[in-house]
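Per our numbering, residue 1 is the first one in the sequence shown, and the count goes up by one each step.
Even glycine gets a Cβ: it sits at the ideal position worked out from N, Cα and C.
Just below is one structure, and these are the notes that go with it.
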Amino acid sequence: MTERIAAAFLARHGGMSPVLLMDRAALRGQMARWQRLLPMAAPYYAVKANIDPVVLRELFAAGANADVASAFEIDVCRAVGVPGERMVLSNPRKDRDTILSMKEVRAFATAVDSEEEIDKLAAAGIPGGGYDPVLFVRIKVPTKGVTQDLSSKFGVRVLPKGTDPTASSLPSVQIDAVRSIVRHALAAGFSRLGLSFHVGTQCANPAIYTSALEVCRAVIETLGQDGKQIGWLDMGGGFADGDTLAANGTDAEALLAAIRPAAERFTARGMRILAEPGRYLVADAGTLVCRVSYERDTDATGRRIQIDDGIYRTLSGRIHDDKSYRFRPLRTTGDPFQTTTSPFVVWGCSCDSFDKVADSVTLPADVKVGDYLLADGLGAYSTSFGSNTNGFQPAPLVLYHEEAGELRFEVSPMAEQNAVVLAHIRRWAND
């Protein structure tokens, strides 16, 4: 995002800071790329990545469906007009409230990784009453080089632990546990079965996905020999953001294009595919604008500044993603920055000394209180992971676009979000 857009927003909104500016064109561009390169895989946006209503409406209008994990996420999606038939409840381990919400909206599909989860669904009358969702059995797939390996928590093991997904050949699959879950599902009345996996977060290597798809093919064929037909495949999420892809010498175009041939082998057999992109769709569309609130230079500590955001607000990726932020300076007074630079320690706004945003950032030597810093790539897992430590809320979100040469800004209606939260609390408190 250019400094021009940030400056225009600040001028119109009295220097409002911090704020997360989301580029509508970037959101639409990511959706269009997905639909062009992986048209066979219906995108179910992982709403946990950024659950703001203005982002949800934009993506759903562009053709995305919803990947939800809880009763609250179901409520938020329903509040912005998404029907249950466009929701996949991919969480393999669900609490009571989530199961009841799933049943109420009649979510299109859900996932399990044990017989016990099927029993919980059956106890709630699922399937039943004309409601028969697709049931995905989630398996563990070999991963390598991802930020978080979700197979350490979820999924049925079908390959030996530590299998290298980049090896020239994979061991034979062992499906006794999957076979048992499938039999249990059929006995419970589920008639539409699928297989699902998740490679983990920030995956930039297409070989991880193609290896996982090969594992799925082997499991599906082995089940077919037992007369158990699998008609659906969920490729999960984990598709990396632009920064991670660039650091690995690739980009989204190359990643998705490399996955396509392996996915097409399933549709050629008449199977239906979906996926759960989250970070991929929203991360690169977001730019944080924050303000310098403190600056000091001492012999003991060197140059340091404090900003009005931090790891407990929008910059939590410093902790959970081991993310490094590249800040750019912005001054709205018209005075140019000096050409000389200096390294700065950047601290967050809370009263916690753990709230260090960066150990060393190179900025103009004359950065001072009242100047702004911009950081790109913050559209995912920023506001959704933020807290209210010391009363500092996550940065409000603003969707922007340019139309006929004029910049238009849509500030997220916080009252709308709060209304959804309150309705959700009242609903379950009265149960």
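Within 7 Å, strictly: CB atoms of residue i and residue j
{"i": "A122", "j": "S196", "result": "no"}
{"i": "V19", "j": "P396", "result": "yes"}
{"i": "K103", "j": "A124", "result": "yes"}
{"i": "P171", "j": "P160", "result": "yes"}
{"i": "Y45", "j": "L274", "result": "no"}
{"i": "L374", "j": "T287", "result": "yes"}
{"i": "I139", "j": "G155", "result": "yes"}
{"i": "D251", "j": "G200", "result": "no"}
{"i": "A8", "j": "L407", "result": "yes"}
{"i": "A49", "j": "Y381", "result": "yes"}
{"i": "L193", "j": "L281", "result": "no"}
{"i": "F239", "j": "P277", "result": "yes"}
{"i": "T147", "j": "Q202", "result": "yes"}
{"i": "V173", "j": "V219", "result": "yes"}
{"i": "R326", "j": "D308", "result": "no"}
Alpha helix (DSSP H) segment containing residue i, residue limits
{"i": "M16", "result": "From DSSP, M16 is part of no alpha helix (DSSP H); its letter is neither H nor E."}
{"i": "M40", "result": "That residue, M40, is in no alpha helix (DSSP H); it is neither H nor E in DSSP."}
{"i": "C77", "result": "71 to 79"}
{"i": "P53", "result": "53 to 61"}
{"i": "L195", "result": "Here L195 belongs to no alpha helix (DSSP H); instead the beta strand (DSSP E) covers 193 to 196."}
{"i": "T328", "result": "Thr is not the amino acid found at residue 328; the sequence shown has Arg there. From DSSP, R328 is part of no alpha helix (DSSP H) but of the beta strand (DSSP E) over 327 to 330."}
{"i": "A204", "result": "First-last for A204: undefined, no H or E at that position."}
{"i": "A121", "result": "Note on identity: in this sequence residue 121 is Leu, with Ala being the wrong assignment. 115 to 123 is the extent of the alpha helix (DSSP H) around L121."}
{"i": "T98", "result": "96 to 105"}
Contact with chain B by residue i, beta-carbon distance below 7 Å
{"i": "A32", "result": "Absent here is chain B; the protein component of the structure consists of one chain."}
Assigned exposure category for residue i - 16 Cβ within 10 Å defines buried
{"i": "T351", "result": "The question names Thr, but residue 351 in the sequence shown is Cys. C351 is exposed by the Cβ-count criterion."}
{"i": "G302", "result": "exposed"}
{"i": "L27", "result": "buried"}
{"i": "K323", "result": "buried"}
{"i": "I319", "result": "exposed"}
{"i": "S151", "result": "buried"}
Start and end residues, beta strand (DSSP E) containing residue i
{"i": "K356", "result": "356 to 364"}
{"i": "L135", "result": "134 to 138"}
Between the CA atoms of residue j and residue i - distance to the nearest angstrom
{"i": "Q393", "j": "A167", "result": "46 Å"}
{"i": "M40", "j": "R272", "result": "8 Å"}
{"i": "Q229", "j": "L223", "result": "7 Å"}
{"i": "G370", "j": "P413", "result": "26 Å"}
{"i": "A25", "j": "H401", "result": "7 Å"}
{"i": "L315", "j": "D52", "result": "17 Å"}
{"i": "T389", "j": "Y312", "result": "6 Å"}
{"i": "G249", "j": "L255", "result": "11 Å"}
{"i": "S360", "j": "G310", "result": "15 Å"}
{"i": "S180", "j": "A263", "result": "26 Å"}
Closer than 6 Å: residue i CB and nearest the ligand NAD heavy atom
{"i": "N388", "result": "Of ligands this structure carries none, so the ligand NAD is not represented either."}
For the stretch 246 to 325, which segments carrying the beta strand (DSSP E) assignment without a break, of at least 3 residues, lie completely within its bounds, in sequence order?
-> 272 to 275, 286 to 298, 302 to 307
Contained beta strand (DSSP E) runs [length at least 3] in the stretch 333 to 414, N- to C-terminal order | 341 to 347, 356 to 364, 372 to 376, 397 to 403, 406 to 411
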